[in-house]
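Input: a single structure, listed below in structure tokens.
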Amino acid sequence: DTAVSQTPKYLVTQMGNDKSIKCEQNLGHDTMYWYKQDSKKFLKIMFSYNNKELIINETVPNRFSPKSPDKAHLNLHINSLELGDSAVYFCASSLRSGASEQFFGPGTRLTVL
Amino acid sequence: DQQVKQNSPSLSVQEGRISILNCDYTNSMFDYFLWYKKYPAEGPTFLISISSIKDKNEDGRFTVFLNKSAKHLSLHIVPSQPGDSAVYFCAARVANAGGTSYGKLTFGQGTILTVHP
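Those protein sequence lines, which keep their order, are chains A and B. Quick note on numbering: the numbering used here labels position 86 of the first sequence as 84, and the sequence is numbered without any gaps. Quick note on numbering: the numbering used here labels position 76 of the second sequence as 142, and the sequence is numbered without any gaps.
Put into structure tokens, the structure is as follows:
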């Protein structure tokens, strides 16, 4: 059973489109995260939710909107996609906020043409 | 400004020898450090961690060393095995950071380790 899953694994789309990436964890964790791995390979935190409540919100364009319908799901919606949004996006979860061991999904490679 | 840096993009080691991966940080408020391992097409997986109250933590073939005065940590893998070939990320956390930084991990850019048979 996959602990943290993301769909889709690959996403190719045109500039200006709106797309969503879904994430689900079956670990019973309270906290979920979105990271972006850019072309320089750094993994950077974007958002974190604890029990459906936003607790980390880094400086990302407001075209990015996370949505947590329940504590097992954290989806990422991106409006008006730009070339610079091309990256690998990783979802992660941890037992609670502040717990350092985070469990990552396999990543979604987004390519904006 | 990258607060966690792994200045060696890649490392190549012979099977059975020691692999040493390095990581430097600039934020003196970091007090908990982790190493993650990542295979292609998979997400990072937790490997080993160390609190700033320690200078060494060992788990089987993996040992992490922390030098707070130098703001440097390293991961030693002994003996290295071909299955250790992966990208290794170090990460750091400010404990008890309040507000919107609570639980935030800051990652380095990774080092690609290749272990040759």
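Glycine is no exception: its CB is placed at the ideal position from the N, C-alpha and C atoms. Note that this is a predicted model, so its numbers are computed, not measured.
Query: Validate contact between the segment 19 to 28 of chain A and the segment 78 to 91 of chain A using beta carbons, cut 8 Å, 3 pairs; Result: yes
Query: Proximity to residue 22 of chain A [Cα-Cα], best of A:106, A:96, A:55 and A:69; Result: A:69
Query: Residue 55 of chain A, enclosing beta strand (DSSP E) - first and last residue; Result: 51 to 55
Query: Straight-line Cα distance separating residue 34 of chain A from residue 59 of chain A; Result: 13 Å
Query: Spatial neighbours of residue 104 of chain A in its chain, beta-carbon cut-off 7 Å, leaving aside the 5 residues before and after; Result: 4 and 7
Query: Contacting residues, own chain, Cβ-Cβ under 6 Å from residue 63 of chain A (five flanking each side not counted); Result: 75
Query: Cβ pair residue 129 of chain B, residue 142 of chain B closer than 8 Å; Result: yes
Query: Any C-beta of chain A under 8 Å from that of residue 106 of chain B; Result: no
Query: Where residue 95 of chain A falls, given that 16 or more other Cβ within 10 Å makes a residue buried; Result: buried
Query: Residue from B:81, B:182 and B:160 whose Cα sits closest to the Cα of residue 99 of chain B; Result: B:160
Query: Inter-stretch contact at 8 Å, needing at least 3 Cβ pairs: the segment 169 to 180 of chain B / the segment 146 to 154 of chain B; Result: yes
Query: Closer than 8 Å to chain B by CB, residue 29 of chain A; Result: yes
Query: CB contact below 8 Å: residue 40 of chain A versus chain B; Result: yes
Query: Length of the line joining the Cα atoms of residue 10 of chain A and residue 1 of chain A; Result: 25 Å
Query: Residue 99 of chain A: contacting residues in chain B (beta-carbon distance under 9 Å); Result: 100, 112 and 115
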